[in-house]
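Residue numbers (this note's numbering), protein chains in the order written: chain A, 29 to 795; chain B, 720 to 1062.
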């Protein structure tokens, strides 16, 4: 009875927005005037009534207001000139708004109060403008979205140069990286030194570190929501670049002017091609990676829109060697590594009514790793053929439906259901040996594991009063694997209280569950990192995170946020001491330890998005630990990326219309590692190392400065830019890893520093 | 699979540079290290030494620990002081063997105490397993991978309760001196090989005598297994060779269990006179502490090069205020003579 009353109250409360006797609804899409691309997160509001909303992922908005006299409506978006119009307050209106980029109009854009950070209920989230990402100094001239994300407070970058992401003490597996809504399982190229996202093909990047809305689930620590460009609906446009290690090209344009468009982009490295002339002897080897992104969208009717997009990328390392010893015989060695992702997604938007928007999504995501080595020899008429192959990976097939319901200005309700069919390929090793005395063909490993994941969510962004807003929701996940069913109900809550127009206080609590694990014993994101599902022995990961903070926007446009968080994690994994995934023919469950983690700290973030000088500053003070019964004598120990202090500063200065300067500086406490303390002779007379407490030693602190200068030139119908940049400008020898070396009885520890100062030059063009 | 690391290292080597890392002061105490086994029904004997601290740029010099007093107390409460005397291995291992003629009792618990004026007192309890039986069901030459091996089918008669087994093999040098009776005297076959061979060729019935003696140094022999119940195959494939095979009775407690062990035997065994000997296949029931120690020692290669990107393995030493282990063992041993002597 008590529950029935509560549900009745909730229904009445949620539907309170619909109860207005006389109201009108203004709905439509907000898009960019020049390209026709829809803008997500644009603000539409009625200044007189202090009522507003934001566009959803597809640029749709709906605003229900009391009927009455004519009133002014405004739409704003960062970097765009505000749009203002007067609307008839007597009837429902469909209003599609086109915003013009501010620089085209040569006007100063004032950040509207309504889309400032202090007004949003969401906390611990940062939108990174793609133009900012592209203006930051780039490693070897290659713009990298994940490395730009590493500049945010609460996000640790892992090892030198790599694109690993560790958010608020979480592991690399706890990030939900979405490309057009599709999870990308291994987002790195070249052992993590570059990410798979080609910035030319990307429209928007949002990072959420806490206070997750109920629509997100499946990972504990972050959501990185990346959306590809839709393509210019009005005219053919292109941009590209030629760098020291890679070149890229993006084309976008209308399929049917004003209605449908396409975008296609590609990128490939050419170290292998450049190195070929330098190869001597009979060894041929090389490495390259490539990406292909494509997207098309079609307006079927005024209320229906279809999007299809895909990504295809691979890394390939190869080596071939042949040797001919004349009459004695010959031999050849052929080896290769290949890994990559494929994603494909189709989405169908349908506007059921001015207040109800639906989206059907179906997608496929695959990550596969393959290594092969073959050795053939023929000596004095004895032939031998040895082949080794190892494959692993994961693929998902999914369907989901999401609804946005905006019954009134006080509610923004989102609900959805989805199903994902996972296929895990935890690694199979094949050995073939064919010789005069032996004919062997053995495959060992674990069979594919199929799992089904079903989830549903309901959330409401509620305007309780003019000062108080709440985002309440619940996410439910059910996971079926090997005849077992696991499920979790995950409550989410966020609050915002406006102290004044400039400053607000925020608080949030979330529970997150994760039904997959990543097995990794490297710190650089090797392609061999293995995704595996929960089992009876290895339960789902679970976290609770509470955060409080304040958000403030100064009248100069500088945004400031200060947050404190406390997060606990259960059922996190570590490999058992010394264990690895290599050469195993038994279950991975035997090789891992299950434990818990804890992270807490504070983050300060300043961002200036407008004016000649733009930039950001992020500082994190945090503590992160892990505890496992069978590691470190069961005692808590620092996580590898526990960084007490983490400071990042980035700035972009537009010196003139043709010159842009940018610089960044990063400082972080050294990584925690385990060091040997002593040696003795073991059972077989071999020297045995005695280690200190796990991660009890700190590597030297990490700091680095990068800089770049961009020279733009406008040509007739196109523009070009030369970008000169330097990574690690003051040549800091940052530690990548440490190893010991003993010679003549003297032991020395040496650190390997990966990148000294690395200057680069690249050329960019746009038309 | 190492290929991946080779590719990774290839990239790292292209761009990386080295720098000596100065470490802050770390734990610099030397500690007493106790190493060896107490084997049921055999005289007490194990080795003791000291560790050497590691710090950057230090001269990592091992030194013999003199002045150590070792006592062992059995279930009866009687304490025995063990005698330490340097042997031929001391100069290599920097440890001293401590021994007593007292036999180790199966099923007993011994308290070992090693005291030193500067290093303090290291203590450990050694649990000696109860008696068990094992036998060889069969043996035959076999090709394993591309290796010539001797496949031995072992049967372990497991008792109820938790038991831990270690299977290993060592080669013991074996010298056979032959003599033959000729001209009213015993002549060495080696010294008079031509004469001996001609007598044999002539079909003369020669009276011979052979003296067999065994060396005291043992050379560890690699072993292989295909048994998925072994700890070895939980982290490696059967293509690996191991120093010892580790087996718990979780899957067969209280029953007879058969397992096949492959002893690596190379062709050179039959040609190199100095390497000739017998192979001792040892099946040991060991204490849990010793099993855990050997598991991390055997499977995780703690002596491999230090690298921060790996997950270092810490050996689980039960020695208080010290390191190493004295394992409690009940041993069954089977001898195989595979080498051939030409007489």
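Note that beta-carbon positions come from the ideal geometry of N, C-alpha and C, so glycine has one too.
Quick one: Cα of residue i to Cα of residue j, how far?
i, j, result
"residue 652 of chain A", "residue 405 of chain A", "53 Å"
"residue 752 of chain B", "residue 1058 of chain B", "37 Å"
"residue 809 of chain A", "residue 690 of chain A", "Summary: the structure shown does not reach residue 809 of chain A, with chain A confined to residues 29 through 795, and so no result is reported for it."
"residue 636 of chain A", "residue 626 of chain A", "32 Å"
"residue 272 of chain A", "residue 794 of chain A", "19 Å"
"residue 304 of chain A", "residue 763 of chain A", "31 Å"
"residue 999 of chain B", "residue 368 of chain A", "51 Å"
"residue 122 of chain A", "residue 54 of chain A", "6 Å"
"residue 39 of chain A", "residue 499 of chain A", "Low per-residue confidence applies at residue 39 of chain A: pLDDT is 44, beneath 50, and the placement is therefore not dependable, though the value from the model is reported in the following sentence. If you take the alpha carbons of residue 39 of chain A and residue 499 of chain A, they lie about 16 Å apart."
"residue 195 of chain A", "residue 306 of chain A", "42 Å"
"residue 434 of chain A", "residue 90 of chain A", "6 Å"
"residue 232 of chain A", "residue 162 of chain A", "12 Å"
"residue 215 of chain A", "residue 807 of chain B", "58 Å"
"residue 51 of chain A", "residue 484 of chain A", "31 Å"
Inspect the beta-carbon positions of residue i and residue j and report whether they are closer than 9 Å.
i, j, result
"residue 88 of chain A", "residue 56 of chain A", "yes"
"residue 1004 of chain B", "residue 816 of chain B", "no"
"residue 561 of chain A", "residue 391 of chain A", "no"
"residue 718 of chain A", "residue 725 of chain A", "no"
"residue 760 of chain B", "residue 823 of chain B", "yes"
"residue 692 of chain A", "residue 679 of chain A", "yes"
"residue 350 of chain A", "residue 360 of chain A", "yes"
Closer than 8 Å to a non-hydrogen atom of the ligand PLP - does that hold for the CB of residue i?
i, result
"residue 164 of chain A", "Among the components modelled here there is no ligand, and therefore nothing to report on the ligand PLP."
So what does residue i bridge to, in DSSP terms?
i, result
"residue 356 of chain A", "Beta-bridge pairing links residue 356 of chain A to no other residue."
"residue 94 of chain A", "A:51"
"residue 503 of chain A", "A:485, A:518"
"residue 20 of chain A", "Missing from the structure shown is residue 20 of chain A; chain A here goes from 29 to 795 and no further."
"residue 707 of chain A", "A:717, B:771"
"residue 1060 of chain B", "DSSP lists no partner for residue 1060 of chain B."
"residue 879 of chain B", "DSSP lists no partner for residue 879 of chain B."
Leaving out five residues on either side along the sequence, give the residues of the same chain with a beta carbon under 6 Å from the beta carbon of residue i.
i, result
"residue 895 of chain B", "929, 931, 1060"
"residue 594 of chain A", "574, 628"
"residue 1051 of chain B", "853, 1002"
"residue 322 of chain A", "292, 338"
"residue 943 of chain B", "863, 960, 981"
"residue 464 of chain A", "410"
"residue 604 of chain A", "619, 621"
"residue 198 of chain A", "248, 249"
"residue 900 of chain B", "926"
Please determine, among the options, the residue with the shortest C-alpha to C-alpha distance to residue i.
i, options, result
"residue 789 of chain B", "B:1045, B:779, B:887, B:883", "B:1045"
"residue 82 of chain A", "A:150, A:120, A:214, A:219", "A:150"
"residue 865 of chain B", "B:1062, B:1033, B:981, B:804", "B:981"
"residue 826 of chain B", "B:1047, B:1054, B:1053, B:1056", "B:1047"
"residue 897 of chain B", "B:927, B:887, B:870", "B:927"
"residue 592 of chain A", "A:748, A:730, A:403, A:536", "A:536"
"residue 443 of chain A", "A:145, A:241, A:755, A:266", "A:241"
"residue 579 of chain A", "A:312, A:85, A:148, A:300", "A:148"
"residue 857 of chain B", "B:839, B:880, B:977, B:905", "B:977"
"residue 375 of chain A", "A:364, A:382, A:696, A:387", "A:387"
"residue 801 of chain B", "B:779, B:767, B:911", "B:767"
"residue 674 of chain A", "A:713, A:229, A:185", "A:185"
"residue 967 of chain B", "B:910, B:921, B:791, B:880", "B:880"
"residue 504 of chain A", "A:538, A:423, A:62, A:119", "A:538"
Which residues in the same chain have their Cβ closer than 7 Å to the Cβ of residue i, if we skip the five residues on either side of it in sequence?
i, result
"residue 138 of chain A", "Residue confidence is low: residue 138 of chain A scores 46 on pLDDT, short of 50, so the model does not pin down where it sits. No coordinate-derived value is stated."
"residue 67 of chain A", "58, 59, 60, 83, 87, 105, 127"
"residue 836 of chain B", "786"
"residue 699 of chain A", "668, 669, 727"
Going by beta carbon distance, what residues of the same chain come within less than 8 Å of residue i, once the five residues before and after it are set aside?
i, result
"residue 99 of chain A", "74, 76, 77, 93, 114, 115, 117"
"residue 135 of chain A", "Any reading at residue 135 of chain A is ruled out, since the residue's pLDDT is 43, under 50, leaving its predicted position unreliable."
"residue 716 of chain A", "707, 708, 709, 710"
"residue 934 of chain B", "891, 892, 893, 894, 996"
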